[in-house]
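Data first, discussion second: the structure below is written as structure tokens.
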Amino acid sequence: MGHEVKGEVTITHKGVRWYETGHPWIYKDDLKTADGPSSGAVVRVKAPDGQLLGQAFYNAASKIALRMLTQDPQEQIDRDFWAGRFEAAVAYRKRIVTDSNACRLVFSEADGFPGLIVDRYADILVFQVLSLGIEQLLPLLVELAVEFTGAKAVLGWNDSPVRKLEGLSAERKLLFGEEPKRVEVTEGKRRYIVDFSRAQKTGAYLDQRENRIHSGSFAKGRVLDVFAYQGGFSLQAAGTAQEVVAIEDSEQALNLLQENAALNGFKNIRAEKANAFDRLREMEKQGEQFDLVILDPPAFAKSKAELQGAKRGYREINLRAMRLLKPEGILITCSCSYNMTEELFLETLRQASVGAGRAVRLLENRTQSKDHPILLTHPESKYLKCLILETI
Ligand code: SAH
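Here the sequence shown is numbered in my numbering, starting from -1 and rising by one per residue.
Spelled out as structure tokens, the structure:
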């Protein structure tokens, strides 16, 4: 079982130069000829002089026409090939995830599975399929995932808008086992519930796991957790803080947050249903002060077109947060927008610091957890910024 190579695609000279950077995508505009392959198939990739460059998923419907699988033109893309990649992905997580039983097991191109995300919550897996090539291999990939993890159930959460770009429809369905409702997972010293009937993302924001656990070491006095979701940061802070105020505008998330606080035996987390922008302004007016503020907003810039508005949004919340901090207070500020580069984010924070009238220094410059690996040849795989700042 697996994929036969079904056709050849020749790319342009420009395409070859791009390929030589190591980037795993080749764009539609850089194709010269596509000799008979059907979309979703594995094809051989050729240079204009006939040299074979490797093998890739092909999709005529996508702007990303080729997603490289291997630079070896002869390698068999069969069950063993995919089993090898699963084995490597699982072994990597075993080495680097020591503080939780929930993590991202497969991170698309960065793990050699172009267009596949697999998140693990204890013995439940959640698949997100984002390319046609992967969609066509799904039964095999589910089987291998179960084999390598011993998972009890696999959910297919295939409703990302990105699927449209590949000509795929949106759907959610059970791919293996019995439909799970919820599961309890651990994160550092804390536990939390993942409720699949009301979850955001695939259940949790796994990319922040290391940052959440690390943030606990800064917690004392009064802590403000803004954009709290189900309370990941609040739970890490509550052990050493006197009081944690969590702000979130989703009722469902707040209910989970309360449940998670109780699960960990914390009575010092106060959850507030509010719009973060309004509440931050109000708190500033009321003269509230905190020792630690965490800002973990949703992606304000989902595309380049939204960047201007996004910068204003980031500047606004960071400015307010800086004013809410005591001297030598800590601000943990995040952006998960790929388009908001680290450079732009730092520039936006500089503006916030000037606007707030607060001098601020950078203590740590962090990124996504290591189970969301950053492939040097695939800049799109690095998207999360998590900066730890101190007010002076
Ligand atoms: N810090 C969380 C993840 C936050 S994701 C964690 O580590 O798990 C962003 C959260 O912000 C989502 O839960 C979303 O419901 C909430 N949100 C989005 N816009 C908001 C707004 N304007 N005010 C308050 N919360 C908001």
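No residue lacks a Cβ here, since even glycine has one placed at the ideal position from N, Cα and C.
- Task: Can you grab the Cα-Cα spacing for the pair residue 44 / residue 110, in whole Å?
- Result: Along the sequence shown, one-based indexing puts residue 44 at 46. Along the sequence shown, one-based indexing puts residue 110 at 112. Looking at the two C-alpha atoms, the distance is approximately 20 Å.
- Item | Same chain, Cβ closer than 7 Å to residue 333, neighbours up to 5 away in sequence not counted | As a working note, residue 333 is residue 335 in the sequence shown. Within the same chain, residue 333 has close Cβ partners 312, 343 and 383.
- Item | Nearest-angstrom Cα separation, counted from residue 105 out to residue 219 | Here the question's residue 219 lines up with position 221 in the sequence shown. Here the question's residue 105 lines up with position 107 in the sequence shown. When rounded, the distance between both Cα atoms is 37 Å.
- Which ranges does the beta strand (DSSP E) cover as unbroken runs of at least 3 residues, wholly within the segment 193 to 263, from first to last along the chain? Counting only runs of 3 or more, we get 220 to 224 and 241 to 246.
- So, are the CB atoms of residue 152 and residue 173 less than 8 Å apart? Against the sequence shown, residue 152 aligns to sequence position 154. Against the sequence shown, residue 173 aligns to sequence position 175. Cβ distance < 8 Å, so residue 152 and residue 173 count as in contact.
- Helix, strand or coil for residue 338 per DSSP? Translated into the one-based positions of the sequence shown, residue 338 becomes position 340. In the structure shown, residue 338 sits in coil (DSSP, three-state: anything other than H, G, I, E or B).
- Item | Close-in-space but distant-in-sequence residues of the same chain around residue 87 (CB under 7 Å, 5 per side omitted) | Translated into the one-based positions of the sequence shown, residue 87 becomes position 89. Correct list, in chain order: 103, 104 and 109.
- Segment contact, 8 Å Cβ cut-off, at least three pairs: the segment 254 to 265 with the segment 191 to 200: yes
- How would you call residue 178, buried or exposed, if buried means at least 16 neighbouring beta carbons within 10 angstroms? Here residue 178 is taken as the residue at index 180 of the sequence shown, counted from 1. When all chains shown are included, residue 178 counts as buried.
- Report the residue ranges of all beta strand (DSSP E) runs contained in full by the segment 106 to 146; include only those spanning at least 3 residues, in chain order. Entirely contained in the segment 106 to 146, the beta strand (DSSP E) runs reaching 3 residues are, in chain order, 114 to 119 and 122 to 127.
- Task: Locate the beta strand (DSSP E) running through residue 316, then write down its first and last residues.
- Result: As a first step, residue 316 must be located in the sequence shown, where it is residue number 318. Not the beta strand (DSSP E): residue 316 falls in the alpha helix (DSSP H), residues 305 to 321.
- Query: Within the present structure, is the beta-carbon of residue 303 separated from the nearest heavy atom of the ligand SAH by less than 7 Å?
  - Reply: For this step, residue 303 is matched to residue 305 along the sequence shown. Answer for residue 303: no, Cβ out of range of the ligand SAH.
- Item | Local conformation of residue 55 per DSSP, three classes | To locate residue 55, count along the sequence shown from 1; it is residue 57. DSSP, read as helix, strand or coil, puts residue 55 in strand.
- Message: Is the separation between the beta-carbon of residue 369 and that of residue 95 shorter than 8 Å?
- Response: Taking the sequence shown and counting its residues from 1, the one referred to as residue 369 is at position 371. Taking the sequence shown and counting its residues from 1, the one referred to as residue 95 is at position 97. Taking 8 Å as the Cβ cut-off, residue 369 and residue 95 qualify as a contacting pair.
- Please confirm if the segment 123 to 135 is in contact with the segment 36 to 52, defined as three or more CB-CB distances below 8 Å between the two stretches. yes
- Among 126, 34, 29 and 4, which residue has its Cα nearest to the Cα of residue 74? Against the sequence shown, residue 74 aligns to sequence position 76. When only C-alpha atoms are compared, the closest one is 4.
- Any non-hydrogen atom of the ligand SAH closer than 7 Å to residue 294 Cβ: Locating residue 294 in the sequence shown gives position 296, counting from the first residue. At least one heavy atom of the ligand SAH is nearer than 7 Å to the Cβ of residue 294, so yes.
- Compute the Euclidean distance between the alpha carbons of residue 78 and residue 62, then round it to the nearest angstrom. As a first step, residue 78 must be located in the sequence shown, where it is residue number 80. As a first step, residue 62 must be located in the sequence shown, where it is residue number 64. Taking the straight line from one Cα to the other gives about 26 Å.
- What's the call for residue 215, buried or exposed, on a 16-neighbour Cβ count within 10 Å? Walking along the sequence shown from the start, residue 215 turns up at place 217. It counts as exposed.
- Task: On a CA-only basis, which of 98, 33 and 122 is nearest residue 367? Give me that one, please.
- Result: Taking the first residue of the sequence shown as position 1, residue 367 is located at position 369. Checked all of 98, 33 and 122; the closest Cα to residue 367 is 98.
- Return the chain-ordered list of same chain residues with a C-beta closer than 7 Å to the C-beta of residue 169, the five sequence neighbours on each side being excluded. Your numbering for residue 169 matches position 171 in the sequence shown. The answer, listed in chain order, is 156 and 157.
- Message: Using C-beta distances below 6 Å, list every residue in its chain close to residue -1, excluding the 5 sequence neighbours before and after it, in chain order.
- Response: Position 1 of the sequence shown, counted from the start, is the residue given in the question as residue -1. Because the pLDDT of residue -1 is 45, which lies under 50, any placement of that residue in the model is unreliable, and the number read from its coordinates should be weighed accordingly. Closer than 6 Å at the Cβ level, and outside the excluded window around residue -1, lie 77 and 138.
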